[in-house]
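In full-length UniProt numbering, the protein residues as written are 1 to 72.
Virtual Cβ for every residue (Gly too), placed ideally from N, Cα, C.
Here the structure is laid out as structure tokens; the discussion comes afterwards.
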């Protein structure tokens with residue numbers, strides 16, 4: 001099943017889910033005033049540090065820096 005998913009979508013299931021979470025985090029950071037911790041929990045992270053690490057590794061920016069850059 002894992003191979004079928006990767007063949008169909010070009011990424012692993014965990015990469016696919018990570019991409020969905022990242023896009024939702026970006027949308028929430030740009031379009032809402034929700035606290036970053038609330039965004040982290042709403043997209044399935046158990047804590048702020050794991051969300052910050054995931055987001056910064058994925059975008060090169062902290063969630064706060066991304067929000068500031070995409071609201072100006």
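In angstroms with no decimal places, state the Cα-to-Cα distance between residue 47 and residue 21. C-alpha separation (whole angstroms): 14 Å.
Would residue 36 and residue 29 qualify as a contact pair, given that the criterion is a beta-carbon distance under 9 Å? In terms of Cβ geometry, residue 36 and residue 29 form a close pair [threshold 9 Å].
Contacting residues, own chain, Cβ-Cβ under 8 Å from residue 12 (five flanking each side not counted): Here the set comprises 2, 5, 6.
Could you give the first and the last residue of the continuous alpha helix (DSSP H) run that contains residue 13? That run of the alpha helix (DSSP H) goes 13-31.
Helix, strand or coil, according to DSSP, for residue 61 in the structure here? Note: residue 61 maps to coil in three-state DSSP.
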